[in-house]
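Q: Pasting a structure below so you can have a look.
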Amino acid sequence: MYTVGELLRQWRQRRGISQLDLAIAADVSARHVSLVETGKTRPSADMVLRLADQLHVPLRDRNRLLLAAGFAPRYAERPLDDHALSAAHDAVRRVLHAHEPYPALVFDRRWNIVMTNRAVDPFFAQVHPDLLRPPVNLVRLGLDPRGFAPMVVNLADVRAVFRTRINRQLATAPDPELTALYEELLAPEPEDMSGQRIDGDVLISMILRVAGRELRLFSTITTFGTPTDITLDEVAIESYYPADAETAAYFTNPEAGTDKSTRR
């Protein structure tokens, strides 16, 4: 088990900053940071949290730092539908509902889907039931041949986006389960190493072939600001938007322009 000093040093090195830079940011002496990291002095709980704040340590890992320093955890972790999080849960529900008729969903730090709006339901109808057993994982759903993969025209681009986002996430806060998911579904293959890039696009759209039509969507990510609960610190809302008029028309009027032979 690592000491609090060793853990703080790991986070500092992960962030690529010196002891002096951390000390200046936290308004303490560089010598004090050094003494904490080497275990020659025991930091107070407030000092642990002050250093963790400057290192942008996630709340879950701040609890680990406190435990390593001999203090009780400060941050609770409750389900999103817990009564204590009712205001946040209601806010998320309102965001999802307001985004209709376009798809939106909520996922946690391991990309497990927590909530969706009704616009997502028709896409889930195309997915093998095995992939819809909780926890439903967005990465697996998007890349598995039994999931959305057969619908995704530009699957290589979507895989590259997942790879970039999860690489960045793991660099920020390592997680064994997320690493395992990455190695299973996103480890680069030879064909991914060609360096081919899409030129001229500000955003890479996800292109879905649905009912004989190609839908182009891009997404935005929304997170909670200054959360004090681990669940709120780790969830994100992904909202999908039409990238062209044809896609917008599909969601506002799905039957318009659809060949009768392709309708169910």
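By the count of my numbering, the sequence shown reaches residue 271 at its end, each step adding exactly one.
Idealized CB from N, CA, C, for every residue including glycine.
These figures come from a predicted structure and were not determined experimentally.
(1) Identify which residue in A250, F231 and T254 has its Cα closest to the Cα of V217.
(2) Out of curiosity, what's the CA-to-CA distance linking A243 and D115?
(3) Which ranges would you report for the alpha helix (DSSP H) in the stretch 53 to 133 if only whole runs of at least 4 residues count?
(4) Restricting to Cα atoms, I'd like to know which of Q133, T235 and T186 is closest to V64.
(5) Is there contact between the stretch 143 to 159 and the stretch 105 to 122, where contact requires at least three CB pairs shorter than 8 Å?
(6) Among residues of its own chain, excluding the 5 on either side of N161, which ones have a beta-carbon nearer than 6 Å to its beta-carbon?
(7) Could you check the C-alpha separation between T227 and Y247 for me, to the nearest Å?
(8) Do the stretch 161 to 178 and the stretch 186 to 196 make contact, defined as three or more Cβ pairs closer than 8 Å?
(9) Sort T238, D53 and V134 by Cα distance to S93 and report the nearest one.
(10) What's the gap between the Cα of Y9 and the Cα of A37?
(11) State the DSSP-derived secondary structure class of D240, mapped to helix, strand or coil.
(12) Pick out whichever of E107, A32 and P86 has its Cα sitting closest to the Cα of N260.
(13) In the DSSP output, which residue or residues are listed as bridge partners for L222?
(14) Have a look at L27, A156 and T186 and flag the residue whose alpha-carbon is nearest the alpha-carbon of L58.
(15) Do you know how far the Cα of L138 is from the Cα of D251?
(16) Consult DSSP for N174 and reduce its assignment to one of helix, strand or coil.
(17) What separation, rounded to the nearest whole angstrom, lies between the Cα atoms of S212 and R223?
(18) With a threshold of 16 other CB atoms inside 10 Å of the CB of Q61, please say whether the residue is buried or exposed.
A: So, to answer that:
(1) Here the question's residue 217 lines up with position 210 in the sequence shown. Answer by Cα proximity: T254.
(2) In the sequence shown, residue 243 corresponds to position 236, counting from 1. In the sequence shown, residue 115 corresponds to position 108, counting from 1. So the two alpha carbons sit approximately 6 Å from each other.
(3) 66 to 75, 93 to 106 and 128 to 131
(4) As a first step, residue 64 must be located in the sequence shown, where it is residue number 57. With distances taken between Cα atoms, V64 lies closest to T235.
(5) yes
(6) The count along the sequence shown starts at 1 and reaches residue 161 at position 154. For N161, where only same-chain residues beyond five positions count, the Cβ hits under 6 Å are I214.
(7) In the sequence shown, the residue the question calls residue 227 occupies position 220. In the sequence shown, the residue the question calls residue 247 occupies position 240. Answer to the nearest angstrom: the Cα atoms are 7 Å apart.
(8) yes
(9) The residue given as residue 93 occupies position 86 in the sequence shown. If we check each option's Cα against that of S93, T238 comes out closest.
(10) Start at 1 with the first residue of the sequence shown, and residue 9 comes out as number 2. Start at 1 with the first residue of the sequence shown, and residue 37 comes out as number 30. When rounded, the distance between both Cα atoms is 21 Å.
(11) By 1-based counting over the sequence shown, the position of residue 240 is 233. Helix at D240.
(12) Against the sequence shown, residue 260 aligns to sequence position 253. The residue with the shortest Cα to Cα distance from N260 is E107.
(13) The residue labelled residue 222 in the question sits at position 215 within the sequence shown. Its beta-bridge partners are L215.
(14) As a working mapping, residue 58 is identified with position 51 in the sequence shown. The shortest C-alpha separation from L58 is found at L27.
(15) Position 244 of the sequence shown holds residue 251. Position 131 of the sequence shown holds residue 138. Each residue's alpha carbon lies about 30 Å from the other.
(16) As a first step, residue 174 is located in the sequence shown; it is residue number 167 there, counting from the start. Three-state result, N174: helix.
(17) Within the sequence shown, numbered from 1, the residue matching residue 212 stands at position 205. Within the sequence shown, numbered from 1, the residue matching residue 223 stands at position 216. The straight-line gap from Cα to Cα measures roughly 6 Å.
(18) Mapped onto the sequence shown, residue 61 falls at position 54. Classification of Q61: buried, given that the 10 Å Cβ count is 16 or more.
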